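Here is the structure we will look at.
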Amino acid sequence: MDQKHQVEDILAAAGLPLTCLQASLFMEELWKRYTRPAILKGTFAFAMPPDKPLHLVSVKDMGRVAAQVVAAPDEFVGRAVPLAGDALTPVQLAAAFSAAQRHAPPVAYKHLPAWPFWLLNRDLYRICRFYSTQARTAWGMATLWVGYGIDAEACRARFGLQSFAEFLEETSWGDASIPPLS
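The letter at position 83 of the sequence shown is residue 83 when you use the UniProt record's numbering, and the numbering goes up by one with no holes.
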């Protein structure tokens with residue numbers, strides 16, 4: 001995660017006309033083969049406190065915002081634009097999955113500690129820690145890229161981003177016959 005910020009900082013220091021779209025967690029990540037099958041069976045396991053909101057944005061929405069930014073460069077050049085279409089706690093995410101799955105067993109949230117990921121996959125460990133910490137500083141200003149401070153409602157109003165429930169409906173989450181993404 002820090003590498004993305006380092007690239008932003010390098011480009012900004014070079015004086016390039018720059019707008020950084022800062023994605024929160026992509027909603028599509030929850031469609032992956034390492035997440036979706038367990039959720040469809042009733043368990044949403046994640047290394048994040050159950051009461052801490054996770055900020056989410058769809059890939060499709062990132063593309064739509066990029067088009068808006070390109071169409072209005074004077075408004076956006078020199079800015080970092082943190083994006084989230086929704087901000088839900090893991091418990092709220094489990095409830096959203098349950099609602100989308102309709103007739104499946106209800107989905108329960110299971111908190112995983114982050115430390116085992118340190119032993120298995122350092123990058124995954126850093127991602128887990130990233131989603132459990134607060135904002136950082138970039139370009140000499142506080143930035144909300146980490147999440148936990150992004151106003152998802154304002155993002156939806158400003159850019160027309162979809163909520164997580166809308167994403168689940170649009171992608172037919174409840175249809176267990178659709179295979180997960182690789």
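We put the CB at the ideal spot given by N, CA and C, even for glycine.
Just so you know, these numbers come straight off a predicted model, no measurement behind them.
Cα-Cα separation, residue i to residue j
| i | j | result |
| --- | --- | --- |
| PRO106 | LEU168 | 15 Å |
| GLU170 | SER163 | 10 Å |
| ALA23 | GLY85 | 10 Å |
| VAL53 | GLN3 | This sequence places Pro at residue 53; Val is not what is there. C-alpha separation (whole angstroms): 23 Å. |
| CYS128 | ARG36 | 18 Å |
| PRO179 | GLU75 | 40 Å |
| ASN121 | LEU30 | 19 Å |
| ARG79 | ALA13 | 13 Å |
| ASP51 | ALA176 | 28 Å |
Whole-number beta carbon distance between residue j and residue i, since they are thought to touch under 8 Å
| i | j | result |
| --- | --- | --- |
| residue 183 | LEU161 | In the structure as shown, the chain begins at 1 and stops at 182. Residue 183 is therefore absent and cannot be evaluated. |
| ALA71 | PHE117 | The Cβ separation is near 40 Å, so there is no contact. |
| LEU40 | ALA104 | 6 Å |
Buried or exposed by the 16-neighbour rule on C-beta atoms within 10 Å, applied to residue i
| i | result |
| --- | --- |
| ASP123 | exposed |
| HIS5 | buried |
| ALA66 | exposed |
| ALA157 | exposed |
| LEU112 | exposed |
| TRP115 | exposed |
| LEU56 | buried |
| ILE10 | exposed |
| LEU181 | exposed |
| ALA38 | exposed |
| ALA154 | exposed |
| PRO90 | buried |
| TYR131 | buried |
Endpoints, alpha helix (DSSP H) assigned at residue i
| i | result |
| --- | --- |
| LEU120 | 115-120 |
| VAL65 | 59-71 |
| LEU40 | 36-40 |
Contact set for residue i: own chain, Cβ-Cβ below 7 Å, skip 5 residues either direction
| i | result |
| --- | --- |
| VAL59 | PHE26, GLU28 |
Residue i beta carbon near the ligand ZN (any heavy atom closer than 8 Å)
| i | result |
| --- | --- |
| ALA152 | As presented, the structure is devoid of all ligands, the ligand ZN included, so that no description of it is given. |
Beta-carbon proximity list for residue i, same chain, < 6 Å, skipping 5 on both sides
| i | result |
| --- | --- |
| ALA100 | LEU168, TRP173, GLY174 |
| LYS110 | THR43, ALA45 |
| LEU16 | none |
Opening and closing residue of the beta strand (DSSP E) in which residue i lies
| i | result |
| --- | --- |
| residue 185 | In the structure as shown, the chain starts at 1 and stops at 182, and residue 185 therefore has no counterpart that could be examined. |
| GLN22 | 20-23 |
| VAL81 | 80-83 |
| LEU88 | 86-88 |
Beta-carbon proximity list for residue i, same chain, < 8 Å, skipping 5 on both sides
| i | result |
| --- | --- |
| LEU21 | MET62, VAL65, ALA66, VAL69, VAL81, LEU83 |
| ILE150 | SER24, HIS55, PRO82, LEU83, ALA84, ALA87, LEU144 |
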